[in-house]
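See structure below.
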Amino acid sequence: MNTIMIDRGEMDTGASPAEPPLSGQAPPSTPALQSLPPSSSTAPALSVKDLCVYFGPNQVLRSVSLEVPARAVTAIIGPSGCGKSTFLRSLNRMHDLVPSARVEGEVKLFGQDIYGPGVEAVLVRRRVGMVFQKSNPFPTMSVSDNVTVGLRLNGLRRRALLAERMEQSLVMAALWDEVKDRLNAPAISLSGGQQQRLCIARALAVQPEVLLMDEPASALDPLATAKIEDLILSLKKDYTIVIVTHNMQQAARVSDFTAFFYLGELIEYDTTSKIFTSPSQKRTEDYVTGRFG
Amino acid sequence: MFEVKNHRWRKVKNGVMESLALGAAGLALVPLALVFYHVVKAGVSSLNWAFFTQLPKPTGEVGGGMANAIVGTFILLGEAAAIGVPVGVLGGVYLSEYGATRLNWWIRFGADILNGVPSIVWGVVVAGLLVVHRITLFGHVLLRRGNSALAGGLVLGLMMIPLVMRTTEEVLRLVPGGYREAALALGVARWRTTLQIVVRTALKGIVTGVLLALARVAGETAPLLFTSGVNLYWMRNLTQPVAALPVQIFSYAIAPYADWHRQAWAAALVLLVFVLLINVGVRVLTRDRFQQNR
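From first to last, the protein sequence lines are chains A and B.
Note that my numbering has the first sequence beginning at -15, numbered continuously upward.
Note that my numbering has the second sequence beginning at 70, numbered continuously upward.
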C-alpha cells in the first residue's frame, strides 16, 4: 500500500510518457478517425481509437476515434441514448464495474493505453477524475471530510497537507468563501449547487489531470448552473475537461471543442464555433439547430 | 336512485371490512398486552435486589437470585455476537457488493432456510458436534465432553449469522450506487470503497440488524438446554456450563416450589425488559436515520 496516494510513477511502466507516439502514426485507414483540428498544437491528453463498448449483446459505441486536447474543454453533445455517457465513462474505466460491459479499442492517456495489460483501473481513476450528474457528497461526512476523502482513503494522513489541499480544492471549486465557516457541517446541509461544487472540489483534491463531467449542471437552477460554468472556464487553465451536456447553449458557452454523437457513432468533431456555426455534417446541423433530438 | 342505493351499500361494505381489518390488527396486539400484563404483574412483586446480586439458593431454601444467569446471558450474547456479527456482516457485504449472481442465489436460499430451522435443531446439532465429543487438537484437549459456554455461544452465534447476513445485505442495497461510483472515481480501491463508504453509510441499518438478531437469540431456550447447560454457580471459564436466563426460567418454572415460580416470573420480566430496551434502541436509531435524510 502506498503511503502517498497520487503515485503517477506506477503507471509509467511501458511507453515513455513524454511524447505520445500517436502523432507519428500513419493516417489510419478507418474513415472514422477524427483527429483534432488545427488549433491543438500540443499533444492530446486523451486519444481514443476505434473505441467500441458493448453491454451484453448491445453495441452502444461504434468505433469512436477522437483526440481530446490538453487544458481545454471538450463538450460531448447528442440526443439521449447516443452513447455520450458511455463514452465518458470509458475514459476512466468506470465500465469495469459493470459485469456485462465490454470495451474494445484503445484509450491513451498522455500516450499510455489505459486498457493496456497490467494497467490498474484504480490508478487510472486517480488521474482521470469524474463529476456526476446527481451530486453525491457522502452523507456521513462533513464538508471538509468530503473534500479530503479521496486523499485519506488512499493513505494520506498528514493533517497539515490535508488541510492545505482541502482549502486549495475548495478555492478552486469557488466554494471556499461560502463554506469556510461551516467546514464541519454535514455535507448534505449544503444547497444543491453547493453540493455539486463540493463534488468538484472532492474530485480536484486528488489532483487528477483530466476531469470528466457527466451533465454536471443538469439538476441545478440557472444561477447555480452559471457558477458551475464559470468554474469550468477557470479550471481549464490547469485541467483537461471533458463534459457531457444536454444543453447546447452550455456546450457553446464553455467548450473549445465539441463532439456530436448520434446512435453510438461520432458524427462530427471540431472546434465549438465550427460545430455551432458551420458544421460539415447535415445531421450535426439538424441537431444543433434543433431540428431533432 | 339506483346510484344512491349502490353508494350506500358500498359504504356499508366498506365500513364492515374496515372494522374487520381493524379488529384483526387489534387482535394481534392482545397477546402482547396479555404477556405484558401477566409478566409485569407476577414479576414486579418478585423482583428485589437479591435477584440481581445473589446466586441461586440450594433446593428448599427460600431467597437467592439469578445474578449468575443474568451475567451468563450477557456472556452468551457476547460470544454469539463475536461469531454472528463478523460472519454475518461480511456475508451480507459479499451478497450485496460482490459475488456472481448464481452463487448469490444459493447463499440467499441457504440463509433463508437456516432462518427457518427450528432452534432446537440447532441445539441438537451443536450438542452433537461439541458436547458429546471431546474436542482435541494434536492430542491436546481443547474442550472436554459436556455442556459449555462455548457450545452455547456457538449455537446462538450460528443462529445470528443468517439473520445478520440478510439484513446487512438489504441495507447495503439501499446505499445509492452514486456513492460507490463517486469513491471509485476518486481512485479509491474497491475494498476501501466498500468498507469505508458503503458500509459506513449503511452502518446504522447494520447495527439495527445486529441488535434485532441479538434480541431474537437472547430469549432462545431450546438450543441452550443441551449446549450451555445448567450452572447454579458462577462460571469459571468458557469450557464450563453457564447459566442463562431463559434456561433458568425453564428449570425454575417446571419445579414444584412457589419461590422458584416467583423467581421465574422475575427472570421473565428482566428478559422481557431487556428485549424491549433493544427494540426501543432500534427505534431511536432508525428514527434518527430518517431525520438525517430529510
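Glycine is no exception: its CB is placed at the ideal position from the N, C-alpha and C atoms.
Please read all numbers here as calculations on a predicted model, not as lab measurements.
- DSSP places residue 36 (chain A) inside the beta strand (DSSP E), whose first and last residues are 28 to 39.
- Of all residues in the region 113 to 124 of chain A, only 113, 114, 116, 118, 120, 122, 123, 124 come within less than 7 angstroms of chain B when Cβ atoms are compared, listed by chain position.
- When CB distances to chain A are screened at a threshold of 9 angstroms, the residues of the region 254 to 279 of chain B falling below it are 254, 255, 256, 257, 258, 259, 261, 262, 265, 266, 269, 270, 272, in chain order.
- One thing to note: residue 164 (chain B) has its Cβ within 8 angstroms of the Cβ of residue 177 (chain B).
- Around the beta carbon of residue 77 (chain A), a 10 Å sphere encloses 16 or more other beta carbons of the protein chains shown; the residue is thus reported as buried.
- Contacts between residue 187 (chain A) and chain B, judged by CB atoms closer than 8 angstroms, involve 254, 255 in chain order.
- By the rule that beta-carbons nearer than 8 angstroms mark a contact, residue 195 (chain A) does not touch chain B.
- Scanning its chain for C-beta atoms nearer than 6 angstroms, with the 5 sequence neighbours on each side dropped, one finds around residue 252 (chain B) the residues 262, 266, in chain order.
- Under the three-state reduction of DSSP, residue 125 (chain B) is assigned to strand.
- In the three-state DSSP reduction, residue 98 (chain A) falls in the coil class, being neither helix nor strand.
- Of B:338, B:310, B:136, B:135, the smallest CA-CA separation from residue 296 (chain B) is found for B:310.
- Boundaries of the beta strand (DSSP E) around residue 242 (chain A): 241 to 246.
- Residue contact with chain A for residue 337 (chain B): absent (no Cβ-Cβ distance below 8 angstroms to any residue of chain A).
- Scanning chain A for C-beta atoms nearer than 7 angstroms to the C-beta of residue 248 (chain B) yields 120, 122, reported in chain order.
- Within chain B, the C-beta atoms nearer than 8 angstroms to that of residue 76 (chain A) come from 254, in chain order.
- At least one CB atom of chain B sits nearer than 8 angstroms to the CB of residue 106 (chain A).
- For residue 251 (chain B), at least one C-beta of chain A is nearer than 8 angstroms to its own C-beta.
- 123, 124, 133, 134, 137, 138: these are the residues of the region 123 to 151 of chain A whose beta carbon lies less than 8 angstroms from some beta carbon of chain B, given in chain order.
- The residues 210, 212, 213, 214, in chain order, have a CB closer than 8 angstroms to that of residue 203 (chain B) in the same chain once the five nearest residues on each side in sequence are set aside.
- Residue environment analysis places residue 94 (chain A) among the buried positions, since at least 16 neighbouring C-beta atoms fall within 10 angstroms of its C-beta.
- For residue 110 (chain A), the nearest CB of chain B lies under 8 angstroms from its own CB, placing it at the interface with that chain.
- Taking a C-beta distance under 8 angstroms as the contact criterion, residue 222 (chain B) and residue 152 (chain B) qualify as a contact pair.
- Fully contained in the region 182 to 243 of chain B are the following beta strand (DSSP E) runs of length 3 or more, in chain order: 204 to 206, 209 to 212.
- In the three-state reduction of the DSSP assignment, residue 265 (chain B) falls in the helix class.
- In chain order, 255, 256 make up the part of chain B whose C-beta sits under 7 angstroms from the C-beta of residue 190 (chain A).
- Along the region 59 to 86 of chain A, going in chain order, the ones with a CB nearer than 8 angstroms to a CB of chain B are 76, 78, 81.
- Per DSSP, the beta bridge partners of residue 53 (chain A) are A:28.
- Note that the C-beta distance between residue 229 (chain A) and residue 193 (chain A) is not below 8 angstroms.
- Around the beta carbon of residue 300 (chain B), a 10 Å sphere encloses 16 or more other beta carbons of the protein chains shown; the residue is thus reported as buried.
- Residue environment: residue 205 (chain A) is assigned as exposed (fewer than 16 neighbouring CB atoms within 10 Å of its CB, all protein chains considered).
- Between the alpha carbons of residue 190 (chain B) and residue 104 (chain B) lies a gap of roughly 26 angstroms.
- Sequence-distant partners of residue 350 (chain B) (beyond 5 residues in either direction) whose C-beta falls short of 8 angstroms from its own C-beta, in its chain, are 280.
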